[in-house]
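Counting with this note's numbering, you get residues 13 to 154 for the letters of the sequence shown. Backbone N, C-alpha and C define an ideal beta-carbon position, used for all residues, glycine too. To start, the structure under review is shown below, and the notes come after it.
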Amino acid sequence: MIKQISLFLENKEGRLARVCHVLGDNKINIRALSLADTTDFGVLRLIVNEPEKAYEVLKENKFAVSVTDVLAMEVSDSPGGLAGTLERLDEAEINVEYMYAFLGTTAEQALVIICVENPQEAIHVIRKAGIKVLEGDKVYSL
């Protein structure tokens, strides 16, 4: 499993830039991100190279921040590659709460971040299907 940083941001000019500035000033590198918005707030999800440090510096800078365990998996970067993985989770009755992707480790692989109800069971199902689950150190250093 890997650690994901989540922030609730007011949907106001400059808030996202401020997060990036705080992280950059502290030599924290963003590896992947997802931003979903509503009218008043956004949820920013980040994979960074130093999640514990990121949590602390964001908290010190008065951001509403939390840490969530998520999974990073390599899926085939081909039509239907993700569908096959999701079917395995569905067959095991594991709900995917949300997901996002970023650059894979090879041209043939896509890297997908997923948040599921039961991460340990999901890891078992994913690995049994022959899909690679990446550990935190590997993802943080990409």
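With three or more CB-CB distances shorter than 8 Å, the segment 14-23 counts as touching the segment 80-97. In this chain, the beta strand (DSSP E) harbouring LYS15 covers 14-22. GLY54 is positioned such that its CB atom lies closer than 7 Å to that of LEU47. Using a Cβ distance threshold of 7 Å, LEU98 and VAL87 do not count as a contacting pair.
DSSP places ASP89 outside both helix and strand once states are collapsed to three, so it counts as coil. Around LYS71, the same chain offers VAL77 as residues with beta carbons nearer than 7 Å, after the five sequence neighbours per side are excluded.
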